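This report concerns only the one structure given below.
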Amino acid sequence: MGFSYHHAKDGALTLTRWLPETECTLPSSSSHQVGVGICVVDAQDRILVVQERRGPAAARGKNFWKVPTGLVDHAEDLAEAGCREVLEETGVRVAFEGVVAFRQQHRASVEGNTDLFFLCKARPLSSEIQIQESELVAAKWMPVKEFLELPLWPEGSAYWFLNRLAAESFLEGRGPDIPGPRLAQVPLFRPLALPRGHPTRPGPASGPLFIYSGVPRL
Numbered sequence: 002m003g004f005s006y007h008h009a010k011d012g013a014l015t016l017t018r019w020l021p022e023t024e025c026t027l028p029s030s031s032s033h034q035v036g037v038g039i040c041v042v043d044a045q046d047r048i049l050v051v052q053e054r055r056g057p058a059a060a061r062g063k064n065f066w067k068v069p070t071g072l073v074d075h076a077e078d079l080a081e082a083g084c085r086e087v088l089e090e091t092g093v094r095v096a097f098e099g100v101v102a103f104r105q106q107h108r109a110s111v112e113g114n115t116d117l118f119f120l121c122k123a124r125p126l127s128s129e130i131q132i133q134e135s136e137l138v139a140a141k142w143m144p145v146k147e148f149l150e151l152p153l154w155p156e157g158s159a160y161w162f163l164n165r166l167a168a169e170s171f172l173e174g175r176g177p178d179i180p181g182p183r184l185a186q187v188p189l190f191r192p193l194a195l196p197r198g199h200p201t202r203p204g205p206a207s208g209p210l211f212i213y214s215g216v217p218r219l
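Our numbering puts the sequence shown at residues 2 to 219.
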C-alpha cells in the first residue's frame with residue numbers, strides 16, 4: 002500500500018503516504034522531551050534538595066542530593082510544571098521566578114529523543130516539607146554553600162555548571178561567598194559541549210551536550 006508508520010498515541014496508530022512524485026516533506030513525529038528542575042532558595046540561603054527513590058539519581062547512592070526535577074506534561078506551561086513538581090515531591094508551595102539556563106542533550110531517552118532540560122528558580126511560599134514517599138527517600142533545606150561543596154558535581158561537569166549558575170542568580174549581592182570560581186565571564190547563551198564518553202556526562206555517551214545560560218553577566 003506504500004504507507005509508512007508515523008506515530009502512535011492514545012490508542013491510535015497514524016500511517017502516512019506521500020502522494021506527489023516529489024521528496025516527502027511531511028514533518029516527523031515528536032522528537033523532543035522537556036524536563037524542568039527548580040532551584041528553591043529561602044531567606045536563610047538554604048536550597049530545597051531531594052533524594053530520589055528510583056531512577057538514575059537513586060543509583061548514585063543515598064547521599065546524592067539534587068533539586069526537584071520532572072517532565073513537563075502535554076500542554077503544560079514550564080512555570081506550572083516546575084511549581085507542580087516541587088509541590089508534589091516536597092509539599093512546598095513556590096512562586097516561579099524565571100529560567101536560569103537550559104541544557105540540550107541528544108539521544109537522552111530509550112526512544113532516542115532529544116532532551117531539553119530547563120533549570121529554573123523559584124521562591125518558597127511555605128517551608129514545611131512533606132515528601133512524596135512513592136518518589137522520594139528524603140527532602141530537606143540545605144545551606145547553598147554546603148550544596149555546592151558536595152563531592153557530587155566534578156568541576157566543569159554539566160550539573161556543576163548548572164548548579165553554580167542557579168546559586169549565583171540567587172546569591173548575587175546577598176551575602177555568603179560562593180565557594181569556587183565565579184562564572185561571571187560566562188556569555189549569554191554560551192554552548193558548553195562535553196565530549197563523548199565524558200565521565201561526568203549523564204545519559205548515553207553519544208553526541209555533545211550543550212548548556213545555554215540566560216543569566217546576564219557584566
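Glycine residues also receive a C-beta, built at the ideal position from the N, C-alpha and C atoms. Note that the structure is a prediction, hence the values are computed from the model and not measured.
Check your understanding: Whose C-beta lies closer than 8 Å to the C-beta of R47 among residues of the same chain, with five residues either side of it excluded?
Key -> Taking the first residue of the sequence shown as 1, we reach residue 47 at position 46. Once the five neighbours on either side are set aside, the close Cβ partners of R47 are W142, M143, P144, V145.
- Nearest-angstrom Cα separation, counted from F4 out to R18: Position 17 of the sequence shown, counting from 1, holds the residue named residue 18. Position 3 of the sequence shown, counting from 1, holds the residue named residue 4. If I take the Cα positions, the gap works out to 5 Å.
*Based on Cα-Cα distance, which residue from S135, L117, R165, Q34 lies nearest to T91?*
Your numbering for residue 91 matches position 90 in the sequence shown. When each option's Cα is compared against that of T91, the closest is S135.
message: So if DSSP puts Q52 in a beta bridge, which residue, or which two residues, is it bridged to?
response: Along the sequence shown, one-based indexing puts residue 52 at 51. Paired residues: A139.
Just to confirm the assignment: which complete alpha helix (DSSP H) runs, minimum length 4, are found wholly within the stretch 11-92? 79-91
May I ask you to list the residues that DSSP assigns as paired with P155? On the sequence shown, residue 155 is found 154 positions in, with the first residue counted as 1. None; P155 has no bridge partner.
- Item | Nearest to A123 (by Cα), restricted to the options C25, K63, A82 | Counting from 1 along the sequence shown, the entry for residue 123 is found at position 122. Nearest C-alpha to A123: A82.
What separation, rounded to the nearest whole angstrom, lies between the Cα atoms of V42 and E89? For the purposes of this step, residue 42 is taken as residue 41 along the sequence shown, with counting starting at 1. For the purposes of this step, residue 89 is taken as residue 88 along the sequence shown, with counting starting at 1. Cα-Cα distance, rounded: 17 Å.
Taking Cβ to Cβ, would you say T70 is nearer than 8 Å to G38?
Within the sequence shown, residue 70 is the residue found at index 69, counting from 1. Within the sequence shown, residue 38 is the residue found at index 37, counting from 1. Their beta carbons are under 8 Å apart, which means T70 touches G38 by this criterion.
Nearest-angstrom Cα distance between A139 and E77? Along the sequence shown, one-based indexing puts residue 139 at 138. Along the sequence shown, one-based indexing puts residue 77 at 76. C-alpha separation (whole angstroms): 27 Å.
query: Could you give the distance in angstroms between the alpha-carbon of T15 and the alpha-carbon of V35?
result: Here residue 15 refers to the residue found at position 14 of the sequence shown. Here residue 35 refers to the residue found at position 34 of the sequence shown. Going by the C-alpha atoms only, they are around 23 Å apart.
Subject >> Best match in H7, A44, W154 for proximity to C25 [C-alpha to C-alpha] >> reply: In the sequence shown, the residue the question calls residue 25 occupies position 24. Comparing Cα-Cα distances from C25 to each of H7, A44, W154, the minimum goes to H7.
query: When you compare only the Cα positions, how much space is there between C121 and V100?
result: Mapped onto the sequence shown, residue 121 falls at position 120. Mapped onto the sequence shown, residue 100 falls at position 99. Between C121 and V100, the C-alpha separation is close to 4 Å.
Hey, how far is the Cα of P222 from the Cα of F97?
Here the chain has residues from 2 to 219 only, and residue 222 is not among them.
Practice problem: Can you give me the start and stop residues for the alpha helix (DSSP H) that L149 sits inside? | Solution: By 1-based counting over the sequence shown, the position of residue 149 is 148. From DSSP, the alpha helix (DSSP H) with L149 extends over 145-149.
**Request:** Pull up the distance between the alpha-carbon of S29 and that of A44, whole angstroms please.
**Result:** Here residue 29 corresponds to residue number 28 of the sequence shown, with the count starting at 1. Here residue 44 corresponds to residue number 43 of the sequence shown, with the count starting at 1. Each residue's Cα considered, the two are about 47 Å apart.
- Query: If R54 and L137 are in contact, beta carbons under 8 Å, what's the gap, nearest whole angstrom?
  - Reply: Stepping through the sequence shown from its first residue, residue 54 is reached at position 53. Stepping through the sequence shown from its first residue, residue 137 is reached at position 136. Right, the Cβ-Cβ distance comes to about 6 Å (below 8 Å), so this counts as a contact.
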